[in-house]
Amino acid sequence: MNVRFDHLAKVLLLLYEREKRGERPFLVSELADKAKISRSVFFMRLKKKLEDAGLVEFRVNPDRTITVHLTERGKKLAQALKSVEDVLKEIGVIS
């Protein structure tokens, strides 16, 4: 089952921005909510694809919550997406 590009891009950009600001990692449920992706779509389609592609890793914390972290590969892809987003904003294609 394939994932939508916009879902993938949104998740990677959110993770990248949060990491860049030095904020705590997203909990899995927070990330789905912040990306405005239904939890069922996130858990049934996106989560495994992101992990299998080596873009993110999921860590279980001592309190049993699960946080999402970019891998080096995920960070490189997120940086590339951010560059494209910045150019598209600059030329007025997106806001």
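Per the numbering used here, the sequence shown starts with residue 816, numbered consecutively.
The beta carbon of each residue, even a glycine, is placed where N, CA and C say it ideally should be.
- The three-state reading of DSSP puts Val818 in coil, since its state is none of H, G, I, E or B.
- By the beta-carbon neighbour count (other beta carbons within 10 angstroms, threshold 16), Pro840 is buried.
- About 10 Å separates the CB atoms of Thr882 and Val871; that is not less than 8 Å, and the two are not in contact.
- Val875 counts as exposed, since fewer than 16 other C-beta atoms from the protein chains shown sit within 10 angstroms of its C-beta.
- Between Ala850 and Val826, the gap from beta carbon to beta carbon is short of 9 Å.
- Separation of Arg860 and Arg854 (C-alpha to C-alpha, rounded to the nearest whole angstrom) is 10 Å.
- A distance below 7 Å between beta-carbons, with the five flanking residues on each side excluded, links Ala893 to the following residues of its chain, in chain order: Leu827, Leu828, Leu830, Tyr831, Leu885.
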